[in-house]
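K.L.:
Residue numbers (our numbering), protein chains in the order written: chain A, 860 to 1048; chain B, 430 to 623.
Beta carbons are placed, not taken as given, at the ideal position from N, Cα and C, and that holds for glycine.
These numbers were taken from a predicted model, which means no experiment stands behind them.
Before anything else, here's the structure in question.
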Ligand code: SF4
């Protein structure tokens, strides 16, 4: 007969359970911050509106980085936008996830030989899910979101932890490309 | 009102100002002039008084073959539907074009952009040398035709490395031959398909 006696859980196990419960709610209410840098952003309107209706996945747009869970990087990034993206990413509260859209975020895409566009996004910020394609069609985008949810469930969406662990490496790459991450131009003086 | 159409009106105006090197009527709404460098300021000032109060574009074109850089100004008039384009060619090795911010103040940013992308100097504009768009630039102006963006990109941005050359996976013949064929055909169309 199965014992009805509860086994004592260690504090660590209890924390893990709570985290799992948290993950359940988190993955079913992903609020996204759309950082529409490139042309892939045009796939978002059909995904958000009635054609594909991403709200049935519990996803909705959020106005500020501080309240958002997912950062959507939709396409190529110039140095100027990369700087702002890092700003935005660091403002988000944890846990936070990044979805990279299109081949531009993967390896530079058709802008691989451009003099202003960075080639690999995951050298600068950790990316959890890539949606490949130029541009990825809306089904692929939706699929990417479902993948992200699965990854959260299986605890593999740990980009923000990687960012902590390899912070020096990321910072080094950022500084290599940008000099200094701080925004410093005539409009911010 | 008057019997002249807009293009004729511009032509009669230009007759009073200077003698353009080249005139080019693009359609009933656009007319282009190529001028000597010294005539540019005079013409712009005159046209501004005549109603072309907005400078809608200022940029440059690189002509490495003739070793020249062409500076382009496009003016717009809110009352008459005709755009005037003024162009002038300057030396490519040392491109200097006196600033026009005394006439069109908004040219300040256009000139900074043209300096950044083509290396044209605009004396008279106090901060034409300040960076506007590019960041950490350490190479020749990128819109010059002899600039190699791929080389710059390879040197500055790390690409993704693949253990495998995926382009070889689809063992199709190279598209180069097909492209060449198409090109030959297009060229032959000029001569009636021969
Ligand atoms: S992957 Fe293609 S569609 Fe997406 S931003 Fe890059 S060029 Fe545009």
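Return the residue from the list B:478, B:492 and B:528 that minimises the CA-CA distance to residue 522 of chain B.
P.N.:
If you number the second chain from 1, residue 522 of chain B lands on position 93. Ranking B:478, B:492 and B:528 by Cα distance to residue 522 of chain B puts B:492 first.
K.L.:
Of all the CB atoms in chain A, is at least one closer than 8 Å to the CB of residue 588 of chain B?
P.N.:
By one-based count along the second chain, residue 588 of chain B stands at place 159. It does: the Cβ of residue 588 of chain B has a partner Cβ on chain A nearer than 8 Å.
K.L.:
Under a three-way DSSP split, which group does residue 556 of chain B fall into?
P.N.:
One-based indexing of the second chain puts residue 556 of chain B at position 127. Reduced to three states, the DSSP call for residue 556 of chain B is coil.
K.L.:
Could you confirm whether any beta carbon from chain B is found closer than 8 Å to the beta carbon of residue 973 of chain A?
P.N.:
One-based indexing of the first chain puts residue 973 of chain A at position 114. Yes - at least one Cβ of chain B is within 8 Å of the one on residue 973 of chain A.
K.L.:
Taking 8 Å as the threshold (beta carbon to beta carbon), is residue 534 of chain B in contact with chain A?
P.N.:
As a position in the second chain, residue 534 of chain B is number 105, starting the count at 1. Answer no: the Cβ-Cβ gap between residue 534 of chain B and chain A never drops below 8 Å.
K.L.:
So which residues on chain B does residue 939 of chain A lean against when the C-beta distance must stay under 7 Å?
P.N.:
One-based indexing of the first chain puts residue 939 of chain A at position 80. Near residue 939 of chain A (Cβ distances below 7 Å), the residues of chain B are 564.
K.L.:
For residue 554 of chain B, tell me which candidate among B:560, B:439, B:541 and B:484 has the shortest Cα-Cα distance.
P.N.:
For the purposes of this step, residue 554 of chain B is identified with residue 125 of the second chain, where counting begins at 1. When only C-alpha atoms are compared, the closest one is B:541.
K.L.:
Could you tell me whether any non-hydrogen atom of ligand 1 is closer than 7 Å to the CB of residue 893 of chain A?
P.N.:
On the first chain, residue 893 of chain A is found 34 positions in, with the first residue counted as 1. Checking every heavy atom of ligand 1 against the Cβ of residue 893 of chain A, none is found closer than 7 Å.
K.L.:
Going by the DSSP bridge assignment, what does residue 451 of chain B pair with across the sheet?
P.N.:
Taking the first residue of the second chain as position 1, residue 451 of chain B is located at position 22. Within the DSSP bridge table, the entry for residue 451 of chain B names B:463 as partners.
K.L.:
What is the rounded straight-line gap between the Cα of residue 1011 of chain A and the Cα of residue 1024 of chain A?
P.N.:
In the first chain, residue 1011 of chain A corresponds to position 152, counting from 1. In the first chain, residue 1024 of chain A corresponds to position 165, counting from 1. Distance between the alpha carbons of residue 1011 of chain A and residue 1024 of chain A: 18 Å.
K.L.:
In chain A, which residues lie with their C-beta within 7 Å of the C-beta of residue 581 of chain B?
P.N.:
As a first step, residue 581 of chain B must be located in the second chain, where it is residue number 152. What residue 581 of chain B touches in chain A: 974.
K.L.:
Taking the continuous alpha helix (DSSP H) assigned at residue 951 of chain A, which residues delimit it?
P.N.:
Position 92 of the first chain holds residue 951 of chain A. That residue, residue 951 of chain A, is in no alpha helix (DSSP H); it is neither H nor E in DSSP.
K.L.:
In angstroms, rounded to a whole number, what distance separates the CA positions of residue 972 of chain A and residue 547 of chain B?
P.N.:
One-based indexing of the first chain puts residue 972 of chain A at position 113. One-based indexing of the second chain puts residue 547 of chain B at position 118. In a straight line, the C-alpha of residue 972 of chain A is about 19 Å away from that of residue 547 of chain B.
K.L.:
State the Cα-Cα distance for the pair residue 430 of chain B and residue 471 of chain B, rounded to the nearest angstrom.
P.N.:
Taking the first residue of the second chain as position 1, residue 430 of chain B is located at position 1. Taking the first residue of the second chain as position 1, residue 471 of chain B is located at position 42. Confidence at residue 430 of chain B is low in this model, with a pLDDT of 49, below 50, so its placement is unreliable and no value can be given for it.
K.L.:
Cβ of residue 571 of chain B less than 8 Å from any chain A Cβ?
P.N.:
Stepping through the second chain from its first residue, residue 571 of chain B is reached at position 142. Chain A, which has a Cβ nearer than 8 Å to the Cβ of residue 571 of chain B, makes this yes.
K.L.:
Report the partner residues of residue 890 of chain A according to the DSSP bridge assignment.
P.N.:
Your numbering for residue 890 of chain A matches position 31 in the first chain. Answer is A:919, bridged to residue 890 of chain A.
K.L.:
The beta strand (DSSP E) that contains residue 505 of chain B, what's its start and end?
P.N.:
Looking up residue 505 of chain B in the second chain gives position 76. Per DSSP, residue 505 of chain B belongs to the beta strand (DSSP E) from 497-505.
K.L.:
What do you reckon, is the C-beta of residue 513 of chain B under 7 Å from a heavy atom of ligand 1?
P.N.:
On the second chain, position 84 is the one that residue 513 of chain B refers to. False, no ligand heavy atom lies under 7 Å from that Cβ.
K.L.:
Assign residue 582 of chain B to one of two classes, buried (16 or more other C-beta atoms within 10 Å of its C-beta) or exposed (fewer than that).
P.N.:
On the second chain, position 153 is the one that residue 582 of chain B refers to. Residue burial annotation: residue 582 of chain B is buried, with at least 16 other C-beta atoms found within 10 angstroms of its C-beta.
K.L.:
Taking 8 Å as the threshold (C-beta atoms), are residue 949 of chain A and residue 1019 of chain A in contact?
P.N.:
Here residue 1019 of chain A corresponds to residue number 160 of the first chain, with the count starting at 1. Here residue 949 of chain A corresponds to residue number 90 of the first chain, with the count starting at 1. Cβ distance not < 8 Å, so residue 1019 of chain A and residue 949 of chain A don't count as in contact.
K.L.:
Under 7 Å Cβ-Cβ, which residues of chain A neighbour residue 578 of chain B?
P.N.:
As a position in the second chain, residue 578 of chain B is number 149, starting the count at 1. Within 7 Å Cβ-Cβ: 972, 973 and 974.
K.L.:
Quick one: which residues of the region 869-889 of chain A get their C-beta closer than 9 Å to a C-beta of chain B? List them in chain order.
P.N.:
Going along the region 869-889 of chain A in chain order, one finds no residue with a Cβ nearer than 9 Å to chain B.
K.L.:
Does any heavy atom of ligand 3 sit closer than 7 Å to the C-beta of residue 960 of chain A?
P.N.:
Ligand 3 is absent from the structure shown, which contains only ligand 1.
K.L.:
Buried or exposed: where does residue 865 of chain A fall if 16 or more other Cβ atoms within 10 Å of its Cβ makes it buried?
P.N.:
Your numbering for residue 865 of chain A matches position 6 in the first chain. Answer is exposed; the Cβ neighbour count stays below 16.
K.L.:
Mind checking who residue 480 of chain B pairs with in its DSSP beta bridge?
P.N.:
The residue labelled residue 480 of chain B in the question sits at position 51 within the second chain. In the DSSP output, where bridge partners are listed per residue, residue 480 of chain B has none listed.
K.L.:
Count the other CB atoms, across all protein chains shown, that sit within 10 Å of the CB of residue 571 of chain B; report buried if there are 16 or more and exposed otherwise.
P.N.:
Stepping through the second chain from its first residue, residue 571 of chain B is reached at position 142. Result: buried.
K.L.:
Of the residues B:557, B:507 and B:475, which one's Cα is nearest the Cα of residue 483 of chain B?
P.N.:
For the purposes of this step, residue 483 of chain B is identified with residue 54 of the second chain, where counting begins at 1. Residue B:507 is the option with its Cα nearest to residue 483 of chain B.
K.L.:
Just grab the DSSP bridge partners of residue 617 of chain B for me.
P.N.:
For this step, residue 617 of chain B is matched to residue 188 along the second chain. Residue 617 of chain B pairs with nothing; no bridge assigned.
K.L.:
Measuring alpha carbon to alpha carbon, tell me which residue in B:585, B:480, B:505 and B:605 is nearest residue 458 of chain B.
P.N.:
The sequence position of residue 458 of chain B within the second chain is 29, counting from 1. Considering only alpha carbons, the answer is B:505.
K.L.:
Let me confirm a value: residue 569 of chain B is counted as buried when at least 16 other C-beta atoms fall within 10 Å, else exposed. Which label applies?
P.N.:
As a working mapping, residue 569 of chain B is identified with position 140 in the second chain. Burial is judged here by how many other beta carbons sit within 10 angstroms of a residue's own beta carbon; residue 569 of chain B has fewer than 16 and is exposed.
K.L.:
Confirm the yes/no value for this check: CB of residue 935 of chain A, any heavy atom of ligand 1, distance under 7 Å.
P.N.:
As a first step, residue 935 of chain A is located in the first chain; it is residue number 76 there, counting from the start. Under cutoff, so the answer is yes.
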